[in-house]
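Protein sequence lines, in the order shown, are assigned to chains A and B. Counting along the first sequence from 1, when you hit position 70 you're at 70 in the UniProt record's numbering, and nothing is skipped either side. Counting along the second sequence from 1, when you hit position 67 you're at 67 in the UniProt record's numbering, and nothing is skipped either side.
Number of protein chains: 2
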Amino acid sequence: MRSRVTVNANSISKVERESGSVFAPKFDSGGLLTAVVVDAESNEVLVVAFMNAEALAKTRESGRVHFWSRSRGELWLKGETSGNYLNVEEILVDCDQDALVIRAKADGPTCHTGARSCFYRRLDPEADDERALSPISR
Amino acid sequence: MRSRVTVNANSISKVERESGSVFAPKFDSGGLLTAVVVDAESNEVLVVAFMNAEALAKTRESGRVHFWSRSRGELWLKGETSGNYLNVEEILVDCDQDALVIRAKADGPTCHTGARSCFYRRLDPEADDERALSPISR
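If you want it as structure tokens, here you go:
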């Protein structure tokens, strides 16, 4: 496996981090970046999860989105059970390099519930929490 | 301030969490949810950050996006310095209720760099990290 994350995140200046061409991902205290996967055509957010350095490297190498599962404590190839892989079209990096947006083509529903996106409910800001969520249909 | 987050996240079943109408946000070990703010019209991801219970409550009450700044360790009304508030149109909740997508109208550029979105660079998956980022123009 090719070596990745070759630049130490603390070795570059704020200006370099925000405006340069050097990729120096800033993993949090748990070693994670936030990764938002959106549909490459519609921009709809499909799933939000986390990547450690290994998940990021495998995503770059394979072209399929890998996460780090915080609940299971293991590398997680999204779609490894369902076959519904997320095929990377483009990876965007934010200003401080601690979050990624991945534009992807999904082989099928992304959510384990069978929904196209994990975000299939709306929160009514005014409602009591006991009845605040309702399904969306788009 | 109205009391919020009235349902203990551990008191509901997996089925209720994933398919019910009860909002029981699952804060992580640091007391945070992931919040993805997207442009209400284009769906473009503008910024990714975190909310604690207070930031979530203030967002619901005020209609303006509030975060918890992990680096500064304080509540953060997005736009409090720049005037570029993020005005909530709709809040979506994911299957396991640990992430939000907020559809918002931005009063101006969202990124502190002046960019419309914090995600203004693309990562070349094949390139060496020292020259892996390039600006996008859309």
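A virtual CB, placed ideally from N, CA and C, is assigned to each residue, including glycine.
So if I threshold CB-CB distances at 9 Å, which residues from the region 53 to 72 of chain A count as touching chain B?
Of all residues in the region 53 to 72 of chain A, the ones placed with a Cβ closer than 9 Å to any Cβ belonging to chain B are T59, R60, E61, G63, R70 and S71, in chain order.
Between the C-alpha atoms of B/D107 and A/L32, what's the straight-line distance to the nearest angstrom?
Near 31 Å, if we compare the C-alpha coordinates of A/L32 and B/D107.
CA-CA distance, A/T110 and A/V88?
Each residue's Cα considered, the two are about 14 Å apart.
For A/S134, which of A/V7, A/R121, A/A99 and A/W76 has the nearest alpha-carbon?
Ranking the options by Cα distance to A/S134, first place goes to A/R121.
In whole angstroms, what separates the C-alpha of B/G20 from that of A/D129?
Rounded to whole angstroms, B/G20 to A/D129 spans 11 Å at the Cα level.
At least one CB of chain B closer than 8 Å to the CB of A/P109: is that the case?
Not one chain B Cβ lies under 8 Å of A/P109.
Closer than 8 Å, Cβ to Cβ, to anything on chain A: give me those residues from the region 21 to 44 of chain B, in chain order.
Within the region 21 to 44 of chain B, the qualifying residues are S21, V22, F23, A24, D28, T34, V36, V38, S42, N43 and E44.
Between the beta-carbon of B/L86 and the beta-carbon of B/A99, is there less than 8 Å?
Contact flag unset, no.
Boundaries of the beta strand (DSSP E) in which B/E74 is found, first to last residue:
In the DSSP annotation of this structure, the continuous segment of the beta strand (DSSP E) that includes B/E74 starts and ends at E74 to L77.
Output the distance between the C-alpha atoms of B/A53 and B/V22, rounded to the nearest integer angstrom.
Their backbone Cα atoms lie some 16 Å apart in a straight line.
Taking 8 Å as the CB-CB limit, is B/I12 close to chain A?
No, its Cβ sits nowhere closer than 8 Å to a Cβ of chain A.
Would A/R17 pass as an interface residue toward chain B - the criterion being a Cβ-Cβ separation below 8 Å?
With a threshold of 8 Å between beta carbons, A/R17 makes no contact with chain B.
Chain A contact for B/R116 (CB, 8 Å cutoff)
Using a CB distance cut-off of 8 Å, B/R116 does not count as an interface residue toward chain A.
To which residues of the same chain is B/A40 closer than 8 Å at the C-beta, ignoring the five residues directly before and after it?
Non-local beta-carbon contacts of B/A40 in its own chain, meaning distances under 8 Å to residues more than five positions away in sequence, involve E89, E90, R103, A104 and K105 in chain order.
Between A/E44 and A/C95, how many whole angstroms is the CB-CB distance? I'm expecting something under 8 Å.
Not a contact, Cβ separation roughly 23 Å.
Within-8 Å CB hit, A/L92 to chain B:
Yes, because at least one Cβ of chain B sits closer than 8 Å to the Cβ of A/L92.
Counting only C-beta atoms, is B/L133 closer than 8 Å to chain A at any point?
Put simply, the CB of B/L133 is near chain A, with a gap under 8 Å to one of its CB atoms.
Going by DSSP, which residues form a beta bridge with A/L123?
Its beta-bridge partners are A/L133 and B/I91.
Using a Cβ-Cβ cut-off of 8 Å, state whether B/A9 counts as contacting chain A.
With 8 Å as the cut-off, B/A9 does not count as an interface residue toward chain A.
Using a Cβ-Cβ distance under 8 Å, would residue 165 of chain B count as near chain A?
Outside the displayed span of chain B (1 to 138) sits residue 165 of chain B, for which this structure offers no information.
If you reduce the DSSP assignment to three classes, tell me which class B/L32 lands in.
B/L32 falls in the coil class under three-state DSSP.
Using CA atoms only, rank isn't needed, just tell me which of B/A57, B/V7 and B/V37 is closest to B/F119.
The residue with the shortest Cα to Cα distance from B/F119 is B/V37.
Start and end of the alpha helix (DSSP H) containing A/K105?
A/K105 -> not in any alpha helix (DSSP H); beta strand (DSSP E) instead, spanning A99 to A106.
N- and C-terminal bounds of the beta strand (DSSP E) containing B/S69:
Where B/S69 is concerned, the enclosing beta strand (DSSP E) stretches over H66 to S69.
Measuring CB to CB, does A/F27 end up less than 8 Å from A/A49?
The answer is no: Cβ separation not under 8 Å.
Secondary structure at B/V22, three-state DSSP: helix, strand or coil?
Here B/V22 sits in coil by DSSP.
From the beta carbon of B/E89, is the nearest beta carbon of chain A less than 8 Å away?
Taking Cβ atoms only, chain A never reaches closer than 8 Å to B/E89, which makes this a no.
Cβ neighbours of B/R116 in the same chain (closer than 6 Å, five flanking residues each side left out):
Counting only residues of its own chain and dropping the five nearest sequence neighbours on each side, B/R116 has a CB closer than 6 Å to the CB of P109.
Need the endpoints of the beta strand (DSSP E) that B/A49 sits in, please.
For B/A49, the enclosing beta strand (DSSP E) begins and ends at V45 to M51.
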